[in-house]
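Here the structure is laid out as structure tokens; the discussion comes afterwards.
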Amino acid sequence: MSRTWAFFNALLFLGILHNVCVQGLGVNWGTVSSHKLPPKTVIQLLKDNGIQKVKLFDADPTILTALAGSGLEVMVATTNLELAGLGDYSKAKEWVQKNVIQYNITSKDGVNITYVAVGNEPFLKDYKDKFTNVTAPALKNIQDALIEAGVGNTTKATIPFNGDVYYSPSWNPVPSAGRFRPDIADNMRDILTILNKNNAPFIVNIYPFLSLFFGKNFPLEYAFFDGATPLTDGNIQYTNVLDANLDTLVSALKAEGYPNMTVIVGEIGWPTDGDVNANVTLANRFYQGLIKHLASNKGSPLHPGYLEVYLFGLFDEDAKSILPGNFERSWGIFRYDGQPKFPLDLSGNSGNKTLVAAKNVRYLPNRWCVLKTDPINVTNIGDNVNYACNNGGDCTSLQDGSSCNFLDDKQKASYAFNSYFQVQDQSNSSCDFEGLATVTLKDSSLPNCNFTIQIAPPPKPISPAPAPVNTLPPSDNEPSLADSKPSSHKKSAASVSLPGTLIKIIAFVTVLAQLGF
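Numbering (mature numbering (1 follows the signal peptide of the UniProt record, and there is no 0)), first residue to last: -22 to -1, 1 to 495.
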């Protein structure tokens, strides 16, 4: 071993390389937010924290362009609504060319796209079979298009599934009894055949928090990794739901003839707000246990060894639907602005490390919109709060079990008004609410309840000033507009430029027009 490698290994042993991440750890980069961090800022944050894999929910060209040359492994995705169209091979080829090949994925200066996620949880029961029969054809066509483009060996098509595609029967509720749902069994067989033929992984999203949220009798301790009362399955004892859930899938795969298919956990996480069990304390406990579990490389009893996992998610997303629950906007390990929520050692060494925050974040001014101290018509407060919350403002933190639920009614009104005000980029007209609200420079935040200042939107590009119009008569050397002859390249002294002051006035008027004046 060279001295260089010996020194490097010594640094690893001593923990000096602080931004080392658990092998195979990635994150989901969601973008359903009213205000987004610039992609380059996000990419730097990922690198600063040693995260080398990122999973997207689409193929946003702005993000993919920013990822070029970053070295990060990237999973792009088609949307579920695209699945039916991708059953046409020509459209699948077009999609691959536009969203994969054009990013020069085989070059170090390109985007390292390793997976294409074909849809997202298309067999979710809530979709009522809308995508059941179009998913396998889309998967096949995308993979075939990747092969035809010459990248099929390095970029694989797969499908992230929800954990509800498999189950254990009620009469034998143990992992070894795992099977795929009967209503989708034939479709799953088609998909498994395609995945196996192309050596592509099976991706599953596992959410211990949702097991707790929807299961009234689900034991809290079983969601974590602290050694809960075990579930016994023959000679195997399961002390956490991740291992049990994963092995239920492995058993289902084995029953279909694929005992060795690679499995990736595409989403797993814990929200920090929106429910009595969604808080920073439990999220920190969950993630610390999960990372330590992954770092051990023990895997699960039926899937021992290395396990590739993508945390869900990177940031809070204030524009997501809350149909599943008020917690849906609070899955990030970072706040909306890239600030870490809790200490987390991504190396799995159980250190009390702080994640590296996003750098050089630009915020809107320190202005808040609050309820006036002496509102004239208090009977309209409720209607205006509802308006704020239903038109872009994020009021999930005000709900039962959430971080700001302790506020009194007037404080809750201020919170709602401010949330709407920030989403509207602090425009003065968005802080009126029938005369009930006012703008203040005083921060109304309280411990555990943050009155947000939003991220500043990117500067709008300023269009060039319109070309100056020559109102002087043409010179002897320059034809008039009515002249049918080709124009001369010569210019009179008067037509070279307008006075500098006039040009500045034109440019200034243009800027004012863009700003709405």
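By construction, the Cβ of each residue, glycine as well, lies at the ideal position given by its N, Cα and C atoms.
Do residue i and residue j have their C-beta atoms closer together than 9 Å?
i                 : j                 : result
phenylalanine 264 : alanine 201       : yes
threonine 171     : threonine 133     : no
alanine 116       : leucine 50        : no
methionine 166    : phenylalanine 101 : yes
isoleucine 181    : valine 243        : yes
glycine 329       : aspartate 323     : yes
asparagine 6      : glutamate 199     : no
valine 96         : isoleucine 120    : yes
glycine 347       : serine 308        : Checking the displayed sequence, the identity of residue 347 turns out to be cysteine instead of glycine. Contact: no.
proline 153       : asparagine 223    : yes
valine 112        : valine 94         : no
arginine 157      : serine 146        : yes
glycine 130       : aspartate 204     : no
asparagine 358    : phenylalanine 395 : no
alanine 155       : threonine 226     : yes
Return the chain-ordered list of same chain residues with a C-beta closer than 6 Å to the C-beta of residue i, the five sequence neighbours on each side being excluded.
i             : result
lysine 469    : Because lysine 469 carries a pLDDT of 33, less than 50, the predicted location of this residue cannot be relied on, and no value is offered for it.
glycine 379   : Asp253, Val254
lysine 390    : Leu376
valine 228    : Leu280, His281
lysine 31     : Gly4, Glu51
glutamine 404 : Leu342, Arg345
histidine 13  : Gln432, Ile433
residue 530   : No answer is possible for residue 530: the residues shown for the chain start at -22 and end at 495.
Note down the Cα distance separating residue i from residue j, rounded to an integer number of angstroms.
i             : j                 : result
serine 11     : serine 397        : 13 Å
alanine 356   : serine 381        : Correcting the residue type first, residue 356 is valine in the shown sequence and not alanine. When rounded, the distance between both Cα atoms is 25 Å.
glutamine 400 : serine 407        : 12 Å
glutamate 99  : valine 241        : 15 Å
valine 219    : lysine 103        : 21 Å
lysine 106    : phenylalanine 312 : 33 Å
cysteine 373  : glutamine 80      : 41 Å
valine 299    : threonine 430     : As written in the sequence, residue 299 is serine, which differs from the valine given in the question. Roughly 19 Å between the two C-alpha positions.
alanine 261   : aspartate 296     : 18 Å
proline 17    : valine 417        : 31 Å
valine 334    : glutamine 22      : 10 Å
alanine 46    : aspartate 87      : 6 Å
aspartate 164 : lysine 194        : 32 Å
proline 436   : arginine 159      : 47 Å
glycine 141   : aspartate 161     : 15 Å
tyrosine 365  : glycine 413       : 14 Å
tyrosine 67   : asparagine 257    : 46 Å
asparagine 27 : proline 353       : 47 Å
alanine 233   : proline 425       : 52 Å
aspartate 386 : aspartate 361     : 17 Å
glycine 337   : threonine 19      : It should be noted that the sequence gives lysine, not glycine, for residue 337. One C-alpha to the other measures close to 7 Å.
valine 143    : threonine 217     : 23 Å
glutamate 286 : phenylalanine 191 : 25 Å
glycine 65    : asparagine 183    : 24 Å
lysine 175    : cysteine 409      : 58 Å
proline 179   : leucine 173       : 7 Å
Tell me, which residues are paired with residue i by DSSP?
i              : result
glycine 88     : DSSP output for glycine 88 lists no bridge partner at all.
asparagine 140 : Asn183
tryptophan 73  : Beta-bridge pairing links tryptophan 73 to no other residue.
threonine 57   : In the DSSP output, where bridge partners are listed per residue, threonine 57 has none listed.
histidine 281  : Ser278
alanine 95     : Ala55, Thr136
isoleucine 246 : Leu289
proline 318    : Phe312
glutamine 80   : DSSP lists no partner for glutamine 80.
threonine 240  : BP columns for threonine 240 are empty, so no partner.
glutamine 215  : Thr210
Suppose the cutoff is 7 Å on Cβ atoms and the five residues either side in sequence are ignored; what does the same chain contact list for residue i look like?
i                 : result
glycine 326       : Val(-1), Ile269, Lys270, Leu272, Ala273
aspartate 221     : Ser278, Pro279
proline 451       : Only weak support exists for where proline 451 lies, its pLDDT of 42 falling under 50; the coordinates are left without a value.
phenylalanine 320 : Val258, Ala261, Asn262
threonine 332     : Pro318, Pro321
lysine 350        : Leu414, Ala415, Thr416
Quick one: residues in its chain with C-beta nearer than 8 Å to the C-beta of residue i, no 5 flanking neighbours on either side, listed in chain order?
i             : result
proline 197   : Ala206, Thr207
proline 249   : Phe187, Ala256, Ala261, Phe305, Glu306, Ser308, Trp309
asparagine 82 : Ala46, Gly88, Val89
Does the beta carbon of residue i come closer than 9 Å to any beta carbon on chain B?
i           : result
leucine 324 : In the displayed structure, chain B is absent; only one protein chain is listed.
With a threshold of 8 Å, are at least 3 pairs of Cβ atoms found where one atom belongs to the region 363 to 378 and the other to the region 43 to 58? no
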